[in-house]
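The structure appears right after this line, and notes come after that.
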Amino acid sequence: MVEIIELAGGIGFGLFIGAFFGFVLSRGDLVMTGVGAVALTVAVVIYTFTLAQTGGLDAVEPNSH
């Protein structure tokens, strides 16, 4: 099960970074700031419940093959 701290951290990360890049890339448009924040937050939450649970992007362990 996903820990609450991990989920809250992911949502906070998604909101902050998404808002930052939405604001910068749109050159100050507040609507795109919100769109960027929501889009990246959704991506982080989906990652948290899928690939983060399966270890899909983990590094390969030595001598695992």
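Numbering (the working numbering) for the sequence shown: -12 to 52.
For every residue, glycine included, the Cβ atom is placed at its ideal position computed from N, Cα and C.
Gly9 is not a Cβ neighbour of Ala30, given a cutoff of 8 angstroms.
When Ile(-9), Ala(-5), Ile(-2) and Leu2 are compared, the shortest CA-CA separation from Val22 is found for Leu2. Exclusion of the five residues before and after Val11 leaves no residue of its chain whose Cβ lies closer than 6 angstroms to its Cβ. Taking all protein chains shown into account, Ala(-5) has fewer than 16 neighbouring C-beta atoms within 10 Å of its C-beta and is therefore exposed.
The three-state reading of DSSP puts Gly(-4) in helix, counting H, G and I together.
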